[in-house]
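Here the numbering used here is used: the sequence shown runs in plain steps of one and ends on residue 322. Reading through the structure tokens given below for one structure.
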Amino acid sequence: MHAAFDAGYRFFDHADIYCLGKSESVFGEWLKEKPSIREEIIIQTKAGIELGKGYKGSNRYNFDPAYLHQQLEKSMARLGVDVIDVFLLHRPDPLWDPAAVATTFHEMHSRGLVQHFGVSNMNVNQIRLLQQHLELPLITNQIQLSLGHSGILNEGVDLNSDKYQSTGMTGLLEYAQTNQMALQLWSPLDKGRFAIQDQIKNPEDKDVENMLNSLAEKYNCTIETIQIAWTLKIPGIIQPVIGTTHPGRIKACAQAKSLELTREEWYDLWIAARGGVN
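Next up, the structure:
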């Protein structure tokens, strides 16, 4: 956390289930030691997943108003704050009542508990369904999008071709741009897929690794910097969510905001990561 703050990070993403709440508790202790920075940072948390509570230890999803209120209050207590800047629904609940969720959001906002709201892992229709009941705008959708997980981009160019594969997220990029909705990208480094030698499984990944190394040498940075810079070139409000706990990688990712890949470099990386097919 010290490394992130010193590197310029001011937006901190949490969830009630991360390390079973311990992540929020540790952050709360850190914030208690540095209370003056509260006004400088944005604190985001998420709720809606009941981790391991289902059949044979599976997850359940719960957007029940009472449950959301309960989880928000628990997160606030662990974080040691009296307001959450951004509150997200973590993953869709098939049994949700969007009107009831909207009422819950309005209550949280009117009580001064939450400033802004968003969603995570939702498609366009789910977002529209919730938004039609809300007076407040949904400001973000946190999704998986990276060099190694670019299906949302792929289906935009593969339409009317035999390569087309639907991600269920059709139109999400355009919706986000039209409505000034930020796209927060989880796992933007692909869990080390292109950087950790023993995770490189196939020749295509090796090609991407070589390309990343070449660009890192050209720009005098790390592979991680190049990967984050690749995501930042995607049009719209793009916010990569950095999950590493390694101080060096935290700093490297922050450097991406001052690096812009060329159009050719961006395309070459994308096509290579797709297996050389476009």
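From the three backbone atoms N, C-alpha and C, an ideal C-beta is built for every residue, glycine too.
Roughly how many whole angstroms lie between the Cα atoms of residue i and residue j?
i	j	result
phenylalanine 107	serine 258	46 Å
phenylalanine 49	aspartate 137	34 Å
lysine 118	methionine 213	31 Å
lysine 78	tryptophan 230	27 Å
glutamine 221	threonine 184	11 Å
aspartate 249	arginine 293	20 Å
glutamate 268	glycine 287	12 Å
threonine 289	cysteine 297	12 Å
asparagine 223	isoleucine 81	31 Å
isoleucine 110	lysine 66	The question names isoleucine, but residue 110 is alanine in the sequence shown. Whole-angstrom Cα-Cα distance: 22 Å.
valine 145	glycine 319	41 Å
valine 285	alanine 260	21 Å
tyrosine 263	aspartate 251	18 Å
lysine 76	leucine 112	25 Å
methionine 45	glutamine 176	37 Å
glutamate 83	aspartate 126	12 Å
isoleucine 281	valine 201	20 Å
Give the DSSP-derived three-state secondary structure of residue i in the structure shown.
i	result
isoleucine 81	helix
threonine 89	strand
aspartate 202	helix
serine 67	helix
aspartate 141	coil
glutamine 186	strand
phenylalanine 149	helix
alanine 226	strand
proline 279	coil
glycine 236	helix
proline 181	coil
phenylalanine 56	strand
valine 285	coil
phenylalanine 49	helix
leucine 133	strand
isoleucine 168	Rather than isoleucine, the amino acid found at residue 168 in this sequence is valine. Note: valine 168 maps to helix in three-state DSSP.
glutamine 159	strand
glutamate 309	helix
serine 105	It is worth fixing the name first, because residue 105 is tyrosine in this sequence and not serine. Strand.
glutamate 94	strand
isoleucine 267	helix
isoleucine 128	strand
histidine 193	strand
glutamate 304	coil
Near residue i, what residues of its chain come up, given a Cβ to Cβ distance below 6 Å and the 5 sequence neighbours on each side ignored?
i	result
alanine 273	Ala300, Leu303 and Leu305
glutamine 283	Ala226 and Gln228
glutamine 115	Asp60 and Ala91
glutamine 271	Leu191 and Leu233
threonine 147	none
tyrosine 219	Val168
Judging by CA-CA distance, which residue of the options is the nearest neighbour of residue i?
i	options	result
tyrosine 208	Asn198, Leu217 and Gly215	Asn198
glycine 215	Asp234, Leu182 and Ile171	Ile171
leucine 22	Lys76, Trp74, Glu94 and Thr147	There is simply no residue 22 to check, as the chain begins at 45 and stops at 322 in what is shown.
glycine 52	Arg307, Lys295 and Glu179	Lys295
threonine 211	Asn167, Asn246 and Met45	Asn167
glutamine 186	Leu217, Val158, Gly200 and Ser205	Leu217
glutamate 308	Lys100, His46, Lys277 and Cys297	Lys277
asparagine 246	Thr275, Lys262, Met45 and Ala316	Ala316
Which residues in the same chain have their Cβ closer than 8 Å to the Cβ of residue i, if we skip the five residues on either side of it in sequence?
i	result
phenylalanine 55	Ile85, Ile86, Gln88 and Gln283
glycine 98	Arg104
glutamate 253	Phe238, Ala239, Ile244 and Ile267
histidine 58	Ser67, Glu68, Phe71, Ile87, Gln88, Thr89, Lys90, Ser119 and Leu123
glycine 96	Ser102 and Asn103
If residue i sits next to residue j, beta carbons under 8 Å apart, how far is it from one beta carbon to the other, in whole angstroms?
i	j	result
isoleucine 196	leucine 189	6 Å
tryptophan 129	histidine 153	Here the sequence assigns aspartate to residue 129, which means tryptophan is not the residue at that position. Contact flag wrong, Cβ pair sits at about 12 Å.
glycine 162	leucine 132	5 Å
serine 194	tryptophan 314	6 Å
leucine 174	proline 142	5 Å
arginine 122	glutamate 68	4 Å
alanine 47	proline 291	4 Å
serine 164	histidine 134	5 Å
Going along the chain, which residues of its own chain have a beta-carbon closer than 7 Å to the beta-carbon of residue i, five neighbours each way excluded?
i	result
tryptophan 140	Phe107
glycine 72	Arg122, Leu123 and Gly124
aspartate 312	Met255
phenylalanine 149	Phe161, Leu178 and Leu180
Measuring only from the beta carbon, is residue i closer than 6 Å to any heavy atom that is part of the ligand MN?
i	result
proline 279	Inclusion of the ligand MN in the displayed structure is not the case, the ligand content being empty and no account of it being possible.
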